[in-house]
Amino acid sequence: MNHDREDKNTRIPAVVYGVTPEEEVTTDNEINHFIRDMIEEDMGPGGRYDGLSVHTRFPPEPNGFLHIGHAKAIVIDFGMAKIFNGLCNLRMDDTNPVKEDESFVRAIKDDIHWLGYDWDERFFHASDFFEEIYKGAEELIEKGFAFVCEQTAEEVREYRGTLTTPGKNSPWRDRPKEESLDLFRRMRQGEFPEGRYTLRAKIDMESGNMNLRDPVIYRIQFSHHHRTGDDWCIYPMYDFAHPINDALEGITHSLCSLEFEDHRPLYDWVVSHVTLPAKPRQVEFARLDISYTVMSKRKLRSLVEEGLVDGWDDPRLPTLCGLRRRGYTPRAIRDFTERNGVSKVPSMVDIRFLEHCLREDLNERAPRAMAVLDPVKLTITNYPEGLEERFTVANLPGQEDAGTHDITFSRHLLIEREDFEEDPPKKYHRLYPGNHVRLRGAYIVHCTGCKKDEAGNVIEVLAEYDPETKGGTAREGQKVRGTIHWLDEETAVPAEVRLYDHLFTVEAPDEDERDYHELLNPDSLQAIQAFVEPWLLDDRSLVGYQFMRLGYFIHDSQDNGRDHLVFNRSVPLKDSYKP
RNA sequence: UGGGGUGUAGCCAAGUGGUAAGGCACGGGACUUUGACUCCCGCAUUCGCAGGUUCAAAUCCUGCCAUCCCAGCCA
719 MNHDREDKNT RIPAVVYGVT PEEEVTTDNE INHFIRDMIE EDMGPGGRYD GLSVHTRFPP
779 EPNGFLHIGH AKAIVIDFGM AKIFNGLCNL RMDDTNPVKE DESFVRAIKD DIHWLGYDWD
839 ERFFHASDFF EEIYKGAEEL IEKGFAFVCE QTAEEVREYR GTLTTPGKNS PWRDRPKEES
899 LDLFRRMRQG EFPEGRYTLR AKIDMESGNM NLRDPVIYRI QFSHHHRTGD DWCIYPMYDF
959 AHPINDALEG ITHSLCSLEF EDHRPLYDWV VSHVTLPAKP RQVEFARLDI SYTVMSKRKL
1019 RSLVEEGLVD GWDDPRLPTL CGLRRRGYTP RAIRDFTERN GVSKVPSMVD IRFLEHCLRE
1079 DLNERAPRAM AVLDPVKLTI TNYPEGLEER FTVANLPGQE DAGTHDITFS RHLLIEREDF
1139 EEDPPKKYHR LYPGNHVRLR GAYIVHCTGC KKDEAGNVIE VLAEYDPETK GGTAREGQKV
1199 RGTIHWLDEE TAVPAEVRLY DHLFTVEAPD EDERDYHELL NPDSLQAIQA FVEPWLLDDR
1259 SLVGYQFMRL GYFIHDSQDN GRDHLVFNRS VPLKDSYKP
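Those letters in the first sequence? Residues 719 to 1297, per my numbering, in order.
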């Protein structure tokens, strides 16, 4: 057994987007679901595990990056342990060396830490227990519950039968156990080529459950394992290894997704036929799906490999690293998964709920700033040329300890093009000739007109300010319906802003029969040249900013330089304005 | 008559024999130096369908329907 003691060093660095250093994993959500009830009963008086403490595990296969679907499992696995004052292990399910790689191990650990969970020293690999698992296989052979089979993969498939017809026994099923034992040991010694033999559990070829039709539990594979190197040339199958790993780690509740439901009889078979120190229990729940995106490892991989997105951490992807780069916070993700609940109903959650959870978190802690995405000039015609005023504004209105920063004001400003209409629709209360509007934090101005080019496009908006309204405070009795954001043209800093939309144009791309390439949203990324407050040149909020009236944005973690600011829009603000 | 699951609002989801929680979305209003936030109000006479038991059924019984997963020497 090989605990990774250096693991303590893999804590992600203190400065990581989405989480503030002193932040703790807490929840205000009421966690109530059938798994909690079941555990409660199992641990209670007379229950299955009366007297033991809850022990769960999160067992990813290190062959890809974690996505928000995994986050649900992580929240459940670590969350249940926490609620019941138990423990949760992290285990790399590495029983198939041809698919797995050490590089993923690191990324997986970082993502889990980022989400706010920790496994202390309980970091395992399925491969830590290869010897014990092997012993279990020998035990099965000795008891007559397993045999070495010589059927080819093709023959195994034929003999397995179909969903509606029973299978047939392998001709090697009744091979004497001494012979099986000898062959199995020689398999381990590397005497036979891949595919020549397999070890199969002797259960029931006529079972309606395909998993019980003498499943292969060991296969020969001459691949280099990322951890055990070339020590082994036979590897246990998931169905055999998993229950044994669970038992050896002292897991009480082995929580997994619905598709393993009909593996449970096999899980239980292994637990009762192999001598083990504990009897873990498998419980299944529905995995998480989200609208307008894909969650399958295969599709995510091909999006990355075909260059359709900018790597595994593309902000449009549902991967945890992608969400992190997008500006999602662990708190929002945890909140989202908890509030979704846990059930056995295959579900497709509306992505707008995820967005809601992010806004709810960021609204409370993202500093406010101003940015103009589609600028047009605003000239304050009665403000002296060359004069500059400085205003101090709160980072987070209403929260004094969040600090302040300064903004400058002058005759030449930048505003959002859509905040001026020469001929406004009804109920429009932004700038239009004759209207009073507040420039947030500065002054109330009175729009006097605009200048246009030959083509009739507005190139400059004109207004006069009211010196009596400094700071944006209205005169006695004065009511100003519109407040807009703005930037001082003199001090505004150019920045690239990346606006994201759904990666797919349909709600359920995974269920669509069309090739998913056809379903990609061509406008999922729109990069524009915008302007932001100079303050953002040096400031780095770990939870990003709210660009007022626009949305939440965060410095891109990859592409920012001192002279090249890049912001990702995490999520736009809600907007109930209907022209 | 393969086996195993699941059906409560547009999307999640409580509910476990006493007369349909909550959230998201949506619609309306109040407030507002963000058309944000916040706050009010509205949103299932009905729980996949049909029978049955009961004073009483989303909850119990029977039948049906729909839908998901399983035929890797993947996990």
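Glycine residues also receive a C-beta, built at the ideal position from the N, C-alpha and C atoms.
Three-state class that DSSP yields for residue i in the structure shown
i, result
"M923", "coil"
"I1272", "strand"
"F848", "helix"
"P731", "Model confidence at P731 stands at a pLDDT of 42, short of 50, so the residue's coordinates are unreliable; what they give is reported in the following sentence. Reduced to three states, the DSSP call for P731 is coil."
"L1091", "coil"
"I801", "helix"
"T744", "coil"
"H773", "strand"
"P1185", "helix"
"Y956", "helix"
"P1252", "helix"
"M1266", "coil"
"A1173", "coil"
"R754", "helix"
"A1226", "coil"
"R1086", "strand"
"F1127", "strand"
"V1198", "coil"
"I826", "helix"
"I935", "strand"
"F940", "coil"
"Y1234", "helix"
"K861", "coil"
Among the options, nearest to residue i - alpha-carbon criterion
i, options, result
"N1153", "T1201, D1007, V1001, D1206", "T1201"
"S1014", "R766, D1031, L784", "L784"
"R1057", "E1208, H751, P1093, H960", "H751"
"H981", "R1034, G926, P1033, T970", "G926"
"E1103", "G1121, R1129, E1073", "R1129"
"E857", "K1169, V992, R914", "V992"
"R1052", "F910, S1065, D1032, C1075", "C1075"
"A1213", "Q1117, E873, L1091", "L1091"
"I1008", "M1066, D1184, E979, L1149", "M1066"
"N747", "Q1117, R1049, L1205, F1138", "R1049"
"W950", "F958, Y956, F940", "F940"
"E868", "G913, T745, K853, Y852", "G913"
"G947", "E820, T745, Q1244, V1176", "E820"
"I969", "P954, R1199, R840", "R840"
"W890", "Y877, D768, L881, T883", "Y877"
"N1175", "L1283, P1143, E1139", "E1139"
"V1155", "E1172, E1182, D1171, G787", "E1182"
"K1169", "I1162, V1163, L1180", "L1180"
Close-in-space but distant-in-sequence residues of the same chain around residue i (CB under 7 Å, 5 per side omitted)
i, result
"I730", "Annotation note: pLDDT 40 at I730 (below 50); position unreliable, no value reported."
"N1329", "Given a span of 719 to 1297 for the chain in the structure shown, any question on residue 1329 remains unanswerable."
"L749", "This sequence places Ile at residue 749; Leu is not what is there. So the qualifying residues of the chain are G797, I801, E1056."
"A789", "L833, L1038, I1051, T1055"
"L1072", "I1008, F1054"
"D1230", "V1224, L1237"
Nonlocal neighbours in the same chain, by C-beta distance under 6 Å from residue i, ignoring five residues either side
i, result
"K1095", "E1178"
"L994", "A965"
"G899", "It is Leu, not Gly, that sits at residue 899 in the sequence shown. Result list for L899: I859, in chain order."
"S1294", "none"
"A989", "The sequence as given places Val at residue 989; Ala does not occur at that position. For V989, where only same-chain residues beyond five positions count, the Cβ hits under 6 Å are P961, K997."
"I1306", "Absent from the model: residue 1306. The displayed extent of the chain is 719 to 1297, so no value can be given."
"P1227", "V1012, Y1234, L1237"
"K726", "Annotation note: pLDDT 36 at K726 (below 50); position unreliable, coordinate value reported separately. None."
"L1021", "V1027"
Cβ-based neighbour list, residue i, same chain, cut-off 8 Å, excluding 5 preceding and 5 following
i, result
"K817", "E779, N781"
"F1109", "D1124, I1125, T1126, F1127, G1159, A1160, G1189"
"D892", "F865"
"D1241", "D1219"
"A799", "V772, H773, T774, L805, C806"
Check your understanding: Okay, do the region 1246-1261 and the region 1117-1135 touch, 3+ Cβ pairs below 8 Å being the bar?
Key -> yes
Point to revise | Inter-stretch contact (C-beta, 8 Å, three-pair minimum) for the region 1109-1116 and the region 1283-1295 | key: Verdict: no, contact absent.
**Study point:** Cβ contact (3+ pairs, closer than 8 Å) linking the region 775-793 and the region 809-818
**Key:** yes
Check your understanding: Unbroken alpha helix (DSSP H) runs of length 4 or more, entirely within the region 1035-1082: which are they?
Key -> 1038-1044, 1048-1058
Practice item. Go through the region 868-928 residue by residue and report every complete run of the beta strand (DSSP E) that reaches 3 residues or more, in order. Key: 916-919
**Study point:** Stretch pair the region 971-981 + the region 846-866: three plus CB contacts closer than 8 Å
**Key:** no
**Study point:** In chain order, each beta strand (DSSP E) run of at least 3 residues that lies wholly inside the region 958-1042
**Key:** 971-975, 999-1003, 1006-1008
Practice item. Kindly confirm or deny that the region 1260-1267 and the region 1085-1105 touch, where touching means at least three C-beta pairs closer than 8 Å. Key: Taking 8 Å as the limit for Cβ pairs, the verdict is that the region 1085-1105 does touch the region 1260-1267.
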